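Residue numbers (the UniProt record's numbering): 1 to 185.
Each residue gets a CB set at the ideal place from its N, CA and C atoms; glycine is no exception.
Just so we're clear, the structure is a prediction, and the values are computed from it rather than from any experiment.
Please read the structure below before turning to the comments.
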């Protein structure tokens, strides 16, 4: 082989030796900085910097008679409610429970069962019931919801079929604190 066979590569390769040297120096400085930070952290006295506060202050507010969010006694206060609904049907679903989340806004609501993917639109009717319209294929059954408002941010729900059978019932509670909503108004 010819001694000069690699000579053309030497001519084509840029001379970036200073860039490589600068990169190595930066890496060495970074490693030294990390070592110094580790030494400083290891020598720190944790007794001077406790991880939990020494005193905890709890402030309690008096219970309110009425839910200050309620604008209309016939409708739930506009809010998001969450809780469990239980099947009371006399079939293979009896006793089964589902988490439910419902958001009410005036005469309309959206209720979702997150674990099943069932979503439904609720609309208040004149007789105090809420009609139900399935928004997903995961919902089963037709009927209406009977919703009562015992106060304290609670809703009691019962799903009643067209032939007056109660299939599901349960209690949902407001996600937000009633006192927070009252102070924001």
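- For residue 86, the CB contacts under 6 angstroms within the same chain, skipping 5 residues up- and downstream, are 97 and 170 in chain order.
- Shown here, residue 150 sits in a strand according to DSSP, grouped into three states.
- One alpha carbon belongs to residue 144, the other to residue 116, and they sit about 19 angstroms apart.
- Put simply, the segment 119–130 touches the segment 145–157. At least three CB pairs are less than 8 angstroms apart.
- For the segment 70–96, there is no continuous alpha helix (DSSP H) assignment of 4+ residues that stays within its boundaries.
- If you draw a 10 Å sphere on the C-beta of residue 141, you find fewer than 16 other C-beta atoms in it, and that means exposed.
- Residue 135: not part of any alpha helix (DSSP H); DSSP gives it neither H nor E.
- For the pair residue 41 and residue 114, the Cα-to-Cα distance works out to about 45 angstroms.
- Residue 15 has its alpha-carbon roughly 25 angstroms from the corresponding atom of residue 30.
- Counting the other Cβ atoms within 10 Å of the Cβ of residue 153 gives 16 or more, which makes it buried.
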